[in-house]
Amino acid sequence: MGGRKRKKVIRRMKKSIPKIFACPSCGEKTLGIDIDREAGTATIKCGRCNIEEVVNISAVEQAIDAYGKYIDRYYGQEKSVSDDEKSGDLPKRADQ
Numbered sequence: 001m002g003g004r005k006r007k008k009v010i011r012r013m014k015k016s017i018p019k020i021f022a023c024p025s026c027g028e029k030t031l032g033i034d035i036d037r038e039a040g041t042a043t044i045k046c047g048r049c050n051i052e053e054v055v056n057i058s059a060v061e062q063a064i065d066a067y068g069k070y071i072d073r074y075y076g077q078e079k080s081v082s083d084d085e086k087s088g089d090l091p092k093r094a095d096q
């Protein structure tokens, strides 16, 4: 005679904030962020393509916030360059 079977307890893994991020330049997950709270800056470095940039952050922001600011700045520069190129190539309308 056996005992009564128990239902297995399924433990869910807690989601955590990542420590390493994807680099927008090379596409690899090698972007590390070092935060200096006293200076109010975060240094973002890619281990593969050696991109390094400093982003200003507040005292309460974390690495994910610094990464978001870096991505916005990175893609903002590309967009502004492509907008300038496009605006020069378009012909002007005759009625203006």
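Going by the UniProt record's numbering, the sequence shown opens with residue 1, and the numbers climb by one from there.
No residue lacks a Cβ here, since even glycine has one placed at the ideal position from N, Cα and C.
- Assigned with DSSP and collapsed to three states, Ile17 falls in coil, not helix or strand.
- When the beta-carbon positions are compared, Arg37 and Ala63 stay at least 8 Å from each other.
- Close CB contacts of Cys23 within its chain, under the 8 Å cut and outside five residues either way in sequence, are with Lys29, Thr30, Leu31, Cys46, Arg48, Cys49, Ile51 (chain order).
- Taking 8 Å as the upper bound for CB-CB distance, Ala66 and Ala39 are not in contact here, some 13 Å apart.
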